[in-house]
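Presented below is the structure to which this report refers.
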Amino acid sequence: MDATAYCLDVAAIRRDFPILEQRVHGRKTLVYLDNAASAQRPRQVIETIDQLYRRHYANVHRGIHWLSEQSTELYETAREAVRQFLNAPSSDEIIFTSGTTAAINLVARSWCEAFLKPGDEILLTLMEHHSNIVPWQQAAQRHQAKIRFLPIDNQGMLDPSCWDQYFSPRTRLVSFTAVSNVLGTRNPVGQLVEAARRVGAVVLIDAAQVAPHEPIDVQAWGADFVALSGHKMLGPTGVGVLWGRREWLEKMPPFLGGGSMIRKVTLEGFEPASLPYKFEAGTPPIAEVVGLKAAVEYLWQIGLAHITEHEHRLTELAHEVLSDVGDIIIYGPSVQHKAGIVSFNLDGVHAQDVSEVLDQEGIAIRAGHHCAMPLHERLGVPATARASFYLYNTYDDVYRLGEALRTAKKLLRPGRTRSSNA
Ligand code: C6P
Numbered sequence: 057m058d059a060t061a062y063c064l065d066v067a068a069i070r071r072d073f074p075i076l077e078q079r080v081h082g083r084k085t086l087v088y089l090d091n092a093a094s095a096q097r098p099r100q101v102i103e104t105i106d107q108l109y110r111r112h113y114a115n116v117h118r119g120i121h122w123l124s125e126q127s128t129e130l131y132e133t134a135r136e137a138v139r140q141f142l143n144a145p146s147s148d149e150i151i152f153t154s155g156t157t158a159a160i161n162l163v164a165r166s167w168c169e170a171f172l173k174p175g176d177e178i179l180l181t182l183m184e185h186h187s188n189i190v191p192w193q194q195a196a197q198r199h200q201a202k203i204r205f206l207p208i209d210n211q212g213m214l215d216p217s218c219w220d221q222y223f224s225p226r227t228r229l230v231s232f233t234a235v236s237n238v239l240g241t242r243n244p245v246g247q248l249v250e251a252a253r254r255v256g257a258v259v260l261i262d263a264a265q266v267a268p269h270e271p272i273d274v275q276a277w278g279a280d281f282v283a284l285s286g287h288k289m290l291g292p293t294g295v296g297v298l299w300g301r302r303e304w305l306e307k308m309p310p311f312l313g314g315g316s317m318i319r320k321v322t323l324e325g326f327e328p329a330s331l332p333y334k335f336e337a338g339t340p341p342i343a344e345v346v347g348l349k350a351a352v353e354y355l356w357q358i359g360l361a362h363i364t365e366h367e368h369r370l371t372e373l374a375h376e377v378l379s380d381v382g383d384i385i386i387y388g389p390s391v392q393h394k395a396g397i398v399s400f401n402l403d404g405v406h407a408q409d410v411s412e413v414l415d416q417e418g419i420a421i422r423a424g425h426h427c428a429m430p431l432h433e434r435l436g437v438p439a440t441a442r443a444s445f446y447l448y449n450t451y452d453d454v455y456r457l458g459e460a461l462r463t464a465k466k467l468l469r470p471g472r473t474r475s476s477n478a
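Residue numbers (my numbering): 57 to 478.
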C-alpha cells in the first residue's frame, strides 16, 4: 500500500485487548513483544466464543436439532470466511487442523504416503521452524527419500543464484516459510514457486508468520498447500488451517481415521467422505473455528495492509533504538527485507538473562532457539532474544524495550564495552 495512506488508531485497538491493561509483577505496564510465539485476543474474539458456549453450542454435522444446526452453520460460515481471507477458489479446499504443525504433518503423512518414492528429494530452507523440518525427516525416513536445505547468506536471506544446485528433477516437494520466525526474513515466494514448478515439484508454504500480518492470496502465490495457525492471528489456540489444491487433496488418502471423515463404513472397510470432511476426523475444534472467524473479521475491519505498514514502522524504529543501545547484535536482513520480527543478542550475554531482566521491566519477549535449531547453528549462537510486533504495539513499546536493554546492559555487562571486550 501507499505508505502515506496508512492509518491505524492504535489507541482504539488497544482498548479491544484487555490483557494489555495489566501490570507485570504488579508494577510496570505490560509491553507484549512475543507476538511471533502467539498473539493476544481482542474482546470481539473472546465474546464470540463466550456467546457460542452460552447460546449456540452443540456438535457439528451430526444432530438434526436446533442447536446442532446453529453450531454447524457457524462452523461452516467460518470456513467460508477463511476461504475469503486466503482468496482460495473453494471452501472445500479449507481444512481445519489444530495449527500449522498439524497442517504440515497432514501433508507430510498423506501426500508423502501416496507420492513420495525412494530417491526423491524434499527441499527445505535453512531457516525453517522445526514444524517444517521434522515431519519431512520422518517422511523421508519412511520413504527412503532425501532432504536438502537451501542455504542462507550472512544477511539471513536466500540466494537464488545458487538454486540450480538444489532444484533438480529429483525434487518432488519444496516446503518453505514465507517469513522466518527468527530473522523476520521475507522469502521470495514467487521465485521459489517458479523454481519448484520448473522441476515439476509440489510446493507447501508455511504461512504461520505471514497470515497474521499481510494480505494473503493463495491463488497469486500459486503453491499447492498453505499452512497457518489461528493463535498467531488473534484467534484461539487449537485451530489452524491447511489450504490445499483440490487436485491434490482428492488424490491424497485421509490422514486420521474416525467419525465424520467417512461416507460409509462396513466390517470390511470404509469409503472416505468428500472434501473437506475427509481430512477432519473426529469432533473438530468448534468454538476455536468460530473464534477464528471473529479474528478474521477483526483483521479485515482494521485492514491487513495497514497492519503491515504499522509493523514496518515499528521494526524500523526498533533497529534504530537497538543500535543506539550499543553492543547489540541484530540478526537477519535490513528492515526493507524483513517483517516485524527482530532477533538480537546483547554481546557476550545469554539471551535468557536478557529476557529475565526485560521481564522485570514489564517487557515480554522470547529467548531461546525459537524452534529453529539448525538456523541457530548457522548463526553460530545457541539462542537469540526476539522482539516481535503486532497491531497493538506502539512506538512507546519500542522505546521501553530500548530503556530496558540499557538496564540489562548495565546489569549484565558492567563496565564492558565492545572495544574493551576485544
Ligand atoms: N512459532 C515461535 O515462537 P504452531 O505451533 O503449530 O501454531 O506453529 C508452528 C510454527 C510453524 N512455522 C512457523 C514459521 C512458526 O513460527 C511456528 C510457531 C512460534 O516462533 C512457536 S514455536
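Glycine included, every Cβ here is placed at the ideal spot set by N, Cα and C.
- A distance criterion of 6 Å places the beta-carbon of residue 316 beyond contact range of the ligand C6P, judged by its closest non-hydrogen atom.
- In the three-state DSSP reduction, residue 142 falls in the helix class (H, G or I).
- Along the length of the region 365–407, whole beta strand (DSSP E) runs at least 3 residues long occupy 384–387 and 397–402, reported in chain order.
- For the beta strand (DSSP E) assignment, the uninterrupted runs of no fewer than 3 residues enclosed by the region 188–271 are, from N- to C-terminal side, 202–206, 227–233 and 258–262.
- In this structure residue 163 touches residue 260 by the C-beta definition: roughly 6 Å separates them, less than 8 Å.
- The C-beta of residue 356 has fewer than 16 other C-beta atoms within 10 Å across all chains shown, which makes the residue exposed.
- Using a cutoff of 6 Å, the CB of residue 155 counts as near the ligand C6P, since one of the ligand's heavy atoms is closer than that.
- Its Cα nearest to that of residue 383, the residue 410 stands out among 365, 410, 359 and 397.
- Taking residue 460 as the centre and dropping the five residues before and after it, the same chain places the C-beta of 414, 417 and 419 closer than 6 Å to its C-beta, in chain order.
- DSSP places residue 430 inside the alpha helix (DSSP H), whose first and last residues are 429–435.
- The DSSP-derived three-state label of residue 438 is coil.
- With respect to residue 113, residue 127 sits close: the two C-beta atoms are nearer than 7 Å.
- The beta-carbon separation of residue 101 and residue 351, rounded to 5 Å, stays under the 8 Å limit for a contact.
- A distance criterion of 6 Å places the beta-carbon of residue 72 beyond contact range of the ligand C6P, judged by its closest non-hydrogen atom.
- By the C-beta criterion, the region 324–333 is judged not to be in contact with the region 373–387, since fewer than 3 inter-stretch pairs fall below 8 Å.
- Just so you know, the alpha carbons of residue 464 and residue 444 end up roughly 19 Å apart.
- Distance check between residue 211 and each of 407, 399, 67 and 136 places 399 closest, using alpha-carbon atoms only.
- In terms of Cβ geometry, residue 135 and residue 147 form a close pair [threshold 7 Å].
- Excluding residues up to 5 positions away in sequence, 458 lie with their Cβ nearer than 8 Å to the Cβ of residue 380 in the same chain.
- Between residue 366 and residue 86, the CB-CB gap reaches or exceeds 7 Å.
- At a Cβ-Cβ threshold of 7 Å, residue 305 and residue 296 do not count as neighbours.
- The Cβ-Cβ distance between residue 245 and residue 277 falls below 7 Å.
- Counting only the Cα atoms, residue 371 lies some 22 Å from residue 408.
- Annotation: the region 319–356 contains the following complete segments of the beta strand (DSSP E) (minimum length 3 residues), in chain order: 326–328.
- Remark: fewer than three beta-carbon pairs, one from each stretch, lie closer than 8 Å, so the region 193–206 and the region 338–349 are not flagged as touching.
- With respect to the 7 Å criterion, residue 431 and residue 213 are not classified as neighbours on the basis of their beta carbons.
- Between the region 287–294 and the region 165–176, the count of Cβ pairs shorter than 8 Å is below three; the stretches do not touch.
- Annotation for residue 151: no alpha helix (DSSP H) segment contains it, though the beta strand (DSSP E) segment containing it runs 150–153.
- With a threshold of 6 Å, the Cβ atom of residue 231 does not count as near the ligand C6P, since no heavy atom of the ligand is closer than that.
- Taken through DSSP and simplified to helix, strand or coil, residue 181 comes out as strand.
- Only residues of its own chain outside the window of five on either side were considered, and among them 296 have a CB closer than 7 Å to the CB of residue 158, listed in chain order.
- For residue 454 and residue 58, the gap between their C-alpha atoms comes out near 24 Å.
- For residue 434 against residue 397, the beta-carbon gap comes to about 17 Å, at or over 8 Å, which does not count as contact.
- Distance from the CA atom of residue 122 to the CA atom of residue 80, rounded to whole angstroms, is 45 Å.
- For residue 171, the enclosing alpha helix (DSSP H) covers residues 156–171.
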